[in-house]
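Protein chains in written order, with the numbering used here: chain A, 1 to 406; chain B, 407 to 812.
A virtual CB, placed ideally from N, CA and C, is assigned to each residue, including glycine.
Just so it is clear, the structure is predicted and the values come from calculations on it, not from any experiment.
Here is the structure we will look at.
There are 2 protein chains.
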Amino acid sequence: MKKPDIVILGAGYGGIMTAVKLQKMLNMNEAVITLVNKYDYHYQTTWLHENAAGTLHHDRTRIPIKDVVNLDRVNFVMDTVISIKPDKKKIKLENGELYYDILVIGLGFETATFGIPGLKENAFTIENINSARLIRDHLEYNFAMYQHEDEKNPGRLNIVVGGGGITGVEYLGELANRIPELCEEYDIYKTMVRIINIEGESAVLPGFDPQLTEYAMSSLESRGVEFITGGIVKECKPDCIVYEKEGKETAIPTYTTVWTGGVRANSIVEESGFEHNHGKIEVRPDLRAPGYDDVFAIGDCALIMDGKTNIPYPSTAQIAVQQSETAAHNIKALVQGTEELGEFKPSLLGTVASLGNSDAIGDIFNNRKLFGWKAVIMKKIIDNRYLLKLGGFSLLMRKGKFNIFY
Amino acid sequence: MKKPDIVILGAGYGGIMTAVKLQKMLNMNEAVITLVNKYDYHYQTTWLHENAAGTLHHDRTRIPIKDVVNLDRVNFVMDTVISIKPDKKKIKLENGELYYDILVIGLGFETATFGIPGLKENAFTIENINSARLIRDHLEYNFAMYQHEDEKNPGRLNIVVGGGGITGVEYLGELANRIPELCEEYDIYKTMVRIINIEGESAVLPGFDPQLTEYAMSSLESRGVEFITGGIVKECKPDCIVYEKEGKETAIPTYTTVWTGGVRANSIVEESGFEHNHGKIEVRPDLRAPGYDDVFAIGDCALIMDGKTNIPYPSTAQIAVQQSETAAHNIKALVQGTEELGEFKPSLLGTVASLGNSDAIGDIFNNRKLFGWKAVIMKKIIDNRYLLKLGGFSLLMRKGKFNIFY
């Protein structure tokens, strides 16, 4: 009898964890497991803002797939997914095609620009290692250009972050740490550099407790970050960003707009004909796609409503990792035909947002709030726990964050 | 009686050394010494190619003026010279004006582009700390862009060096060392990067012994450098460089053309009405400008014919430093009115050109040739001797090059 083909698309938080679990849960003779990813490494999306600021090297953020996946057990295909044909059970790749019996879609997010003119062409995004590394270099390049040009262009020293969600705020924190170093490197006075956040709401970090939001804004403002709240980005040009506030349009000269204002599921999901809700597959409690008993969706590609609030659960690394456990368990049940499929039950522990290397805030489950060094430590514990879970003690030792202030 | 005002323009090799010597040779009550420079640091022009490759940090190349000039003794004015009015004994600065009784012009070189279209706008030059730092960052930025762009653009990985003089060849050597590091940092295969030199003559390093030239080219070729000799640069565009060879025009796609093909004296010299020879002041044997007994010119701004060969002495750091001794001696004679003015007699010791951090060639006076590690050591000895001369033991310890292979 043919062994079932299990194909996992994407080696993000959900995808790689599903592969790591399945390689332990299933025997060689039970199934063929194939992991498809664009790069030969997994990366921690939640650390990318540090790479983009230049405060952490991207090699700390990425983990070679071969270091955590047993390649004797799992086939790894480095390729880009073009489309999914669920009715034919086929995946079209840039350089080939794959057949599956069971599919896991963990293709992650892409940036949503909401049709704002110029954003796609002129703004930077913190999406992957390549885009984060480019932002780091773009900042440095503009500082070097500022010093080199005879006619000084202050726009080169204005850094605009569009959007005040977690990624935006965490990036502002890293910038606040990084700018003094850049000023030292490029002989520029700190006071000439502006770090500006534009957020549509009346405060950053929507969804966080107001007391935490206020703490975060004060902490960042004390380190030179300017907040423009209630400002709607109208257009991004190569040399400026235009926003509207209280009916008035203002242009800020800048060559560096980093857009963190929105994400959506990878558009392959929508294009492949799955029933979707704003681009995400509204999965059943067992994480399978409606109408397809052989297709699981996890992470940013999946949508699950919180029954109590009727708001979808947030697309966090925490939830993606928890989903990988349910997905792996259910795939094992399908393959072995022994158990009932289990339901996904998220365990929400709360959220911690860093504010640079020495400050953070945490909105912990059960209404506990954390500030300052306690939140900094909590953040590192979360990051380190993930590494331990993914690659054991040796991975933790190689990539973990142990220095309290780094 | 009014103390004479000695004004030194430029803190390059010749200017700063003249200031350092004069602060020891003259008493406070004998003269007022003023040093004018665009930056608050002196830099070693002959090390800039290392900063431009990213193999040496620019802080190693530059020396704060206050570290070597006694500011209780010498007035330092950080400003840019706009023009010299020798008949009025005045210097126009960007932010003011200075009167002098005795002037030393040590304003250095600027790049000569020989009217080649686009070179001024689109090529980079290794002229100062700012331009070298920009090249370093431009290389990195293009590697990052290459990885980020969906459509791969091989031109981003082509680096073209125009001109095969000492600076060009030394820069090629540093690039050959640096590229493997950049490839590691940006996940790029080494074989995809091209380092290309375009030189009009049939070999690089004109003036050097042919055996040395051949050694240099072989050494660089073995590390991946491509030489296009007999190639004339016709145009530099933002995305390519066009050269002609044997009547045929070829365009190489590149975003990084570093032009090392020619230098000329700072054009302020010519514009200020001095009698000049290709922009340089053909100084008298005592280094004074023809017709002006109160104006000395040194370094790249001065031209001195070698009586034997009827070819001008080269504009090297070696000669600029030697000229500062004659200039300082003669200024002292003018101020004190006691001695005869001395004549400048260059002592040509030879030239060493590095080929990266572990190879070099040396054309030493009396027809001695050096290759490989002996030349590497000789190069470091020359660099270290200068530091000792300029700022004594403490400067040597801070900025010297002691690691044989670094």
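Query: Cutting at 6 Å between CB atoms, please list the residues of its own chain near residue 105 of chain A, excluding the five before and the five after it.; Result: 9, 297 and 301
Query: Following the continuous beta strand (DSSP E) through residue 491 of chain B, name the residue where it begins and the one where it ends.; Result: 487-491
Query: Would you please verify whether the beta carbon of residue 131 of chain A is less than 8 Å from any beta carbon of chain B?; Result: yes
Query: Comparing C-alpha positions only, which one of B:770, B:445 and B:429 sits nearest to residue 439 of chain B?; Result: B:429
Query: Could you compute how far the alpha carbon of residue 774 of chain B sits from the alpha carbon of residue 768 of chain B?; Result: 8 Å
Query: In the structure shown, what three-state DSSP assignment does residue 363 of chain A receive?; Result: strand
Query: What runs of the beta strand (DSSP E), each 3 residues or longer, lie entirely inside the stretch 317-399 of chain A?; Result: 350-354, 360-364 and 368-371
Query: Identify whether residue 484 of chain B lies in helix, strand or coil by the three-state DSSP scheme.; Result: strand
Query: So residue 334 of chain A contacts chain B; which residues on that side make the cut at Cβ distance below 8 Å?; Result: None at all; the shortest Cβ gap to chain B is about 36 Å.
Query: Excluding sequence positions up to five away, which residues of its chain have a Cβ less than 7 Å from the Cβ of residue 202 of chain A?; Result: 229 and 230
Query: Are there three or more Cβ pairs, one per stretch, closer than 8 Å when the stretch 145-159 of chain A is compared with the stretch 330-345 of chain A?; Result: no
Query: Which same chain residues end up closer than 8 Å to residue 406 of chain A when comparing Cβ atoms and leaving out the 5 residues on each side of it in sequence?; Result: Unreliable placement is indicated for residue 406 of chain A, whose pLDDT of 46 sits below 50; the coordinate value is still reported in the next sentence. Here the set comprises 357.
Query: Chain A beta carbons: is any one of them nearer than 8 Å to that of residue 805 of chain B?; Result: no
Query: Taking residue 678 of chain B as the reference, which of B:632, B:759 and B:495 has the closest Cα?; Result: B:495
Query: CB residue 674 of chain B to CB residue 632 of chain B, shorter than 8 Å?; Result: no
Query: Report yes or no: is there a C-beta of chain B within less than 8 Å of the C-beta of residue 265 of chain A?; Result: no
Query: Below 8 Å on the Cβ atoms is my contact criterion, and I expect residue 37 of chain A with residue 53 of chain A to pass it. Report the Cβ-Cβ distance as a whole number of Å.; Result: Not quite, the Cβ-Cβ distance comes to about 25 Å (not below 8 Å), so this is no contact.
Query: Which two residues bound the contiguous beta strand (DSSP E) that contains residue 643 of chain B?; Result: 638-643
Query: Would residue 116 of chain A and residue 234 of chain A be called neighbours here (beta carbons separated by less than 8 Å)?; Result: yes
Query: So with Cβ pairs under 8 Å, would you call residue 145 of chain A a contact of chain B?; Result: yes
Query: For chain B, check one thing: does any of its Cβ atoms lie closer than 8 Å to the Cβ of residue 148 of chain A?; Result: yes
Query: For residue 313 of chain A, name the three-state secondary structure that DSSP assigns.; Result: coil
Query: Got a sec, what are the start and stop residues for the alpha helix (DSSP H) residue 466 of chain B sits in?; Result: 464-467
Query: Does DSSP put residue 143 of chain A in a helix, in a strand, or in coil?; Result: helix
Query: With a threshold of 16 other CB atoms inside 10 Å of the CB of residue 421 of chain B, please say whether the residue is buried or exposed.; Result: buried
Query: Can you tell me whether DSSP reads residue 305 of chain A as helix, strand or coil?; Result: strand
Query: Below 9 Å on C-beta distance, what does residue 313 of chain A contact in chain B?; Result: In chain order: nothing, as chain B lies at least about 31 Å away.
Query: I'd like to know whether the C-beta of residue 544 of chain B is nearer than 8 Å to at least one C-beta of chain A.; Result: yes
Query: Identify, in the order they occur along the chain, each residue of the same chain with its Cβ nearer than 6 Å to the Cβ of residue 546 of chain B, setting aside the five sequence neighbours on each side.; Result: none
Query: Per DSSP, which residues does residue 411 of chain B bridge with? Please list them.; Result: B:438
Query: Could you name the residues of the same chain whose beta carbon sits closer than 7 Å to that of residue 643 of chain B, not counting the 5 residues immediately before and after it, in chain order?; Result: 524 and 528
Query: May I have the straight-line CA-CA distance separating residue 617 of chain B from residue 595 of chain B, to the nearest angstrom?; Result: 33 Å
Query: Leaving out five residues on either side along the sequence, give the residues of the same chain with a beta carbon under 6 Å from the beta carbon of residue 435 of chain B.; Result: none
Query: Run through DSSP, which three-state label would residue 401 of chain A get?; Result: coil
Query: In angstroms, rounded to a whole number, what distance separates the CA positions of residue 684 of chain B and residue 670 of chain B?; Result: 8 Å
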